[in-house]
Every structure is written in C-alpha cells, then in structure tokens.
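> Can you read through this structure? Questions will come right after.
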Amino acid sequence: MSVQPILRLGTVKSAAAFREHLHSLHLALPCDDEILTGQESPLRQRLVRGEIKIGNRIAVQPMEGWDGLADGNPSEHTIRRWQRFGRSGAKFIWGGEAVAVRPDGRANPNQLLAAPHTERGLANLRTTLIEQHRLTTGSDEDLLIGLQLTDSGRYSRPNTHGRPEPRILYHHPILDPRLGLPADYPLLSDAEIEDIVESFHRAAGMAQRLGFDFVDIKHCHGYLGHEFLSAHTRKGRYGGSFENRTRFLREVVQGVRSLAPGLGVAVRLSAFDSVPFQPDPERSSKGKPGPGIPETKENVLPYRWGFGVNAHHPTEADLSEPVKFLSLLEGLGIRLVNLTAGSPYYNPHIQRPALFPPSDGYLPPEDPLLNVSRQMEATRQLKQRFPNLIFVGTGYSYLQDFLPNVAQAALREGWVDLIGLGRVILSYPDLLWHASGGHDIHRKLICRTFSDCTTAPRRGLPSGCYPLDHHYKDSKMMELLTIAKKQ
Ligand SMILES: Cc1cc2nc3c(=O)[nH]c(=O)nc-3n(C[C@H](O)[C@H](O)[C@H](O)COP(=O)(O)O)c2cc1C
Ligand code: SF4
C-alpha cells in the first residue's frame, strides 16, 4: 500500500502538473492539455453501431437516492434528481437508478419498485428527464434511456432502514458474520430463484410499455445478479460451474426477449473485485476509522467467494472469467456493457474512489487515483478484447478538475466508448456538457468525494450532494445529516 501522502487534486494547477503527479504514482492514464469543443470534441461525437445510436459520449450512471415513497413510487426528490440527469446533456442514461423488481428485493424501504401501481410514477421520471434534456441540448434525438432492474439479494433491506433482510445464494465466510447471519441461515432455493427470474421478466415488460429503450440486468456491487457470478460453493443449478453461475442471466435474458421483443438488454458488471476490506483496528479510534486493510481470516485461501478475483491473491483482479462473461454477453446479442468494480458495502475504495470515507468505510488504503486507474485500465483491456461491445466506463468522479481532460483523452485513445459519470452528476450535472461546449467550469461545484451522498443513506437519510447542492446544503436535511454524523 502507498505511503506517499495523498495530494488534493484541487490544488493541482495544470494538466501538465497532473500528468507529473500521475507519473509519480506510476500511473499511465491519458490526460489531454486542451479541452476541445463542439464538433471537435470526442465527448460530442455521435456513436452509431448498427441500430444503436447515441448522440454523444457522455453517460449518466445509475444512482439511487433512497428517497422514493414507501410504496416504491418516486418522490419530489427523485423527480428532481432525474431532471438533473436530463440537464447533464448526456445522451446515454444508463438506468437512472436501481429499481427493485419485487418488494422483498428492495435495498432500502425507499427504493423505487417496478409494479403496476408505480407505472405512472416511473413513466413520469422518464418524460421529466427528456424535457430537461431538450432544454439543455435542444433536441432529444439519439437519446437512449434505460432502466436498471435489480434484486438486492444479500443487501436487501425492504422494510426498515435499520433491519437487513438478506436473501443469499451461499454462505460467505466474511460477509455472513458482518450481517450477523448464523451458519444455518437459509439460502434462496432454486424455486425462489425461478420466481425472481419471472419478476425480472415482468419488470422488463413494464419498462418497455413505459418507453424505456433498454433494461440493465444489474450484475454488480454485491447485489443478487453479482452474487450469482461468485456462487462457486452453491450446489444445484445456479452454482458451481461457470455455466450454472450464469444461468440466472441467461434465463432472465431469454424471458425478456420473448416477453418484450425489441427492448434493448444491457448489463452493468463488477468486472473485478477483491476480498472485503475493513478499517485497520490498530489505526482506528472511536468515530475515526483507520485506513482500509483486507479482512483476512483463516481458511479463506484459495478465495472461492469472488468473481474477477485472483483466488490466491484476493486483493488482485483476475479478468479471465470476466472475459468469458463478456463472450457470453456477445453470444446473447447484448452489446451495451457498463463496467464497474467491487461493492460499496465491502470495498468502497475500489468501487467509488474517494478521499473522505463514508461513515461505514475506512480511510483510503492508497491514493484513490490508483483505484480510478484500475477501473479505467480493466475497461481498456476488455475494450481491446471486445471491440464490438459498447463500453461505458466508471470511476471518473475522483479525477475532479481533470475529469474532462482524462475523459477526452480516454475516448480519443479508444480506452472506452462512453464516459459514465456518477457522483459528479449529483454536484455538477453539466460538467462535461459545459467543458465540451466551451463554457467556464464552475470549480465550486466539482465533487470533492466527501462521501456524504453515501453516508446519508447509511444513516437513513436521502442521498444527494449535501456539501455542494443547495437543495441539501441549505435545507433541514443538512441539519439532520450533521446530527446523524455525531451519533
Ligand atoms: C449515491 C449513490 C447511489 C448509487 N446508486 C447506484 C445504483 O442505483 N446503481 C448502480 O449501479 N450504481 C450506483 N451507484 C454507483 C455509481 O453508479 C458509480 O458506479 C460510482 O459512484 C462510481 O462512479 P463515480 O466515480 O463517477 O462516482 C451509486 C453511487 C452513489 C454515490
Ligand atoms: S456528497 Fe457531493 S461532493 Fe461528496 S462525494 Fe457525493 S457528490 Fe461528491
């Protein structure tokens, strides 16, 4: 792990100085000096592959706000967030946010739900987004909007914020104890899984009726789809061999194709992972977590509970199975792939690199730029291997002032097809639209990875950019977050 102090990127004055800093960390990320604008800008290039047409290379990542109504409908906060997704100028909206396909698969009691009584609410999110998008870009031509479908599996918490109700596929030697699960905690049965598959089919049918262009069958971040991929130790039809661990995906896709012909199918994938991390107990004090260290236990080697993980060195990635998985997607005729990594629950530094940890996290174990680079590099390698797939890349928010420079260079050098933006959309939705349009950048709105958007939901509050977005900053919610952080 690096011992070099972490440089605050807001203090770096030029792209050249940033490149020097990358060099000092032995990172080879591309970074352009000059940001091109208008038709010259790689960020504004249209992408056309067969019938898929996307008007520019800016994508909004799915981001839920823990702020829906108890019955799974959007609230005014949800609507505002989707308006801001539209305002971003992005022509590719990857899923909006995770929408549970069934009530018991909700990650929190305020997660959106796909059900007959939420159809109008979800349709309204889409039309609101399109209206705002038109105001920013002047037209909704070549705008692609998906809906991310999920079952939260191990991280289900459908009824009460403080009460996890995990639905697991196998026993995990580190994650089970973290959730307080006894050794005889029941696993989802094959029959229950078949029911879940049908819920995905129904939700996809609904998404098509509401006008969404595609659905994302979520396979990332430790939720159910992702857990299937690491179900090496599960017995029966859904565990063990690669074929069994991908049966869920194949069954979902098959049903979606027959029930909703013409609807696009996409997959967001945690392309690599690691053993769970924890704050180093020797360097933590009350209320102050120390730097993250891998949680090692006896008998976890070889590590058989990961996907895209080196079983003998489980802090390292192994892309051999992810490569097989992408071949499978290609074989299924799936072209749209969004690559992410790890999980916000057990290795957040990999999943959303940040300088400041969320309340249940730990200090960065190494410079967060290393983790930005890991996600970008994995995407570059997989893009090279699968040139016909359309890849959205993830993990750019930590780049801060240099996000436009790196994003432009990554597109120009073919590392990725679309730049997916997560947290920075919450603080400054139109950052890349402004940069590629030749407008001044509002530096005060750049996400500084304070992690309040992750901490708030951990404390039962809606997510949002509390430090920078006036909607939260100047509201009662900010007071509540301040109180909650002290408890
Ligand atoms: C508040 C919040 C909510 C998120 N919700 C989702 C989600 O619903 N689905 C999903 O796939 N990823 C979700 N993510 C992860 C982001 O899509 C993205 O992968 C992550 O923030 C890293 O990208 P960034 O560096 O641009 O923030 C969420 C992230 C945040 C901060
Ligand atoms: S709260 Fe705002 S500044 Fe902090 S990580 Fe989230 S979006 Fe970025």
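Count along the sequence shown starting at 1, add 614, and that's the number in the numbering used here. For glycine and all other residues, C-beta sits at the position ideal for the given N, C-alpha and C.
Apply the 10 Å Cβ neighbour rule to residue 840 and answer buried if 16 or more other Cβ atoms are within range, or exposed otherwise.
Buried, by the Cβ-count rule.
> Enumerate in chain order the residues of its own chain whose CB-to-CB distance from residue 896 is below 8 Å, with the five nearest sequence positions on each side excluded.
For residue 896, where only same-chain residues beyond five positions count, the Cβ hits under 8 Å are 904.
> Using 6 Å as the cut-off, classify the Cβ of residue 1071 as near or not near the heavy atoms of ligand 2, replying yes or no.
Residue 1071 Cβ: outside cutoff for every heavy atom of ligand 2.
> Looking at ligand 2, does it come within less than 6 Å of residue 1040, judged from the CB to the closest heavy atom?
Yes, Cβ of residue 1040 sits closer than 6 Å to a heavy atom of ligand 2.
> Could you pull out every unbroken alpha helix (DSSP H) segment of at least 4 residues lying fully inside the stretch 788-816, listed in chain order?
For the stretch 788-816, whole alpha helix (DSSP H) runs of length 4 or above, ordered along the chain, are 789-792.
> Restricting to runs no shorter than 4 residues, where is the alpha helix (DSSP H) found entirely within the stretch 1011-1049?
Listed in chain order, the complete alpha helix (DSSP H) runs (minimum 4 residues) inside the stretch 1011-1049 are 1017-1026 and 1037-1041.
> Give the straight-line distance between the Cα atoms of residue 845 and residue 824, rounded to the nearest whole angstrom.
Residue 845 and residue 824: Cα-Cα distance of roughly 34 Å.
> Does the distance from the C-beta atom of residue 1152 to that of residue 909 stay below 7 Å?
Given a span of 615 to 1101 for the chain in the structure shown, any question on residue 1152 remains unanswerable.
> Does the separation of the CB atoms of residue 727 and residue 686 fall below 7 Å?
The answer is yes: Cβ separation under 7 Å.
> How close, in whole Å, do the beta carbons of residue 693 and residue 739 come, if the pair is a contact with beta carbons under 8 Å?
Sure, about 7 Å apart at Cβ, within 8 Å.
> Quick one: what's got a C-beta closer than 7 Å to residue 956's C-beta in the same chain, skipping five residues either side?
Closer than 7 Å at the Cβ level, and outside the excluded window around residue 956, lie 884, 887, 888, 964 and 965.
> I'd like to confirm the pairing. Which residues does DSSP put opposite residue 765 in its beta bridges?
According to DSSP, which records beta bridges pairwise, residue 765 is partnered with nothing at all.
> Using the three-state DSSP reduction, which class does residue 663 fall into: helix, strand or coil?
Three-state result, residue 663: strand.
> For ligand 1, is there a heavy atom less than 6 Å away from the beta-carbon of residue 1010?
Answer for residue 1010: yes, Cβ within range of ligand 1.
> For residue 1026 and residue 656, what's the separation of their Cα atoms in angstroms?
Residue 1026 and residue 656: Cα-Cα distance of roughly 6 Å.
> Are three or more beta carbon pairs between the stretch 1089-1098 and the stretch 1068-1078 nearer than 8 Å?
The answer is yes - the stretch 1068-1078 touches the stretch 1089-1098, with three or more Cβ pairs under 8 Å.
> Residue 676 and residue 762 - do their beta-carbons sit closer together than 7 Å?
Going by C-beta atoms, residue 762 is nearer than 7 Å to residue 676.
> Given a cut-off of 7 Å, decide if residue 842 and residue 1149 are closer than it, judged by their beta-carbon atoms.
As displayed, the chain neither begins before 615 nor continues past 1101, which places residue 1149 out of reach and without an answer.
> Label residue 806 either buried or exposed according to how many other C-beta atoms from any shown protein chain fall within 10 Å of its C-beta, with 16 as the threshold for buried.
With fewer than 16 other Cβ atoms within 10 Å, it is exposed.
> Label residue 1021 either buried or exposed according to how many other C-beta atoms from any shown protein chain fall within 10 Å of its C-beta, with 16 as the threshold for buried.
With 16 or more Cβ atoms within 10 Å of its Cβ, residue 1021 is classed as buried.
> Rounded to a whole number of angstroms, what is the C-alpha to C-alpha distance between residue 917 and residue 928?
Straight-line Cα distance between these residues: approximately 6 Å.
> Would you grab the beta carbon distance between residue 689 and residue 719 for me? Rounded to a whole angstrom, and I think it's under 8 Å.
In fact, because the Cβ distance is near 20 Å, the residues do not count as touching under 8 Å.
> Is it the case that the Cβ atoms of residue 1011 and residue 1061 are separated by a distance below 7 Å?
Yes, the Cβ-Cβ distance between residue 1011 and residue 1061 is below 7 Å.
> For residue 961, report the span of its beta strand (DSSP E) as first-last.
Per DSSP, residue 961 belongs to no beta strand (DSSP E) and is neither H nor E.
> Go through its chain and collect everything with a Cβ distance to residue 682's Cβ below 7 Å, but skip five positions before and after it.
Excluding positions up to five away in sequence, the list reads 688, 689, 692, 724, 725 and 726.
> Any heavy atom of ligand 1 within a distance shorter than 6 Å of the CB on residue 712?
Residue 712 Cβ: within cutoff of ligand 1.
> Exposed or buried, residue 660, counting other C-beta atoms within 10 Å across all chains shown (16 or more means buried)?
It is exposed - the Cβ of residue 660 has fewer than 16 other Cβ atoms within 10 Å.
> So, under 8 Å CB-CB, residue 699 and residue 710 are touching, yes? Tell me the CB distance rounded to an integer number of Å.
At roughly 7 Å, the Cβ-Cβ gap stays under 8 Å, so residue 699 and residue 710 are in contact.
> Do you know how far the Cα of residue 914 is from the Cα of residue 857?
Cα-Cα distance, rounded: 24 Å.
> When burial is assigned at 16 or more other CB atoms within 10 Å of the CB, is residue 1092 buried or exposed?
By the neighbour-count rule (16 or more Cβ atoms within 10 Å), residue 1092 is buried.
> Who are the near neighbours of residue 632 in its chain, counting only those whose CB is closer than 7 Å to its CB and skipping five residues on each side?
Cβ neighbours of residue 632 beyond the five flanking positions: 626, 645 and 1016.
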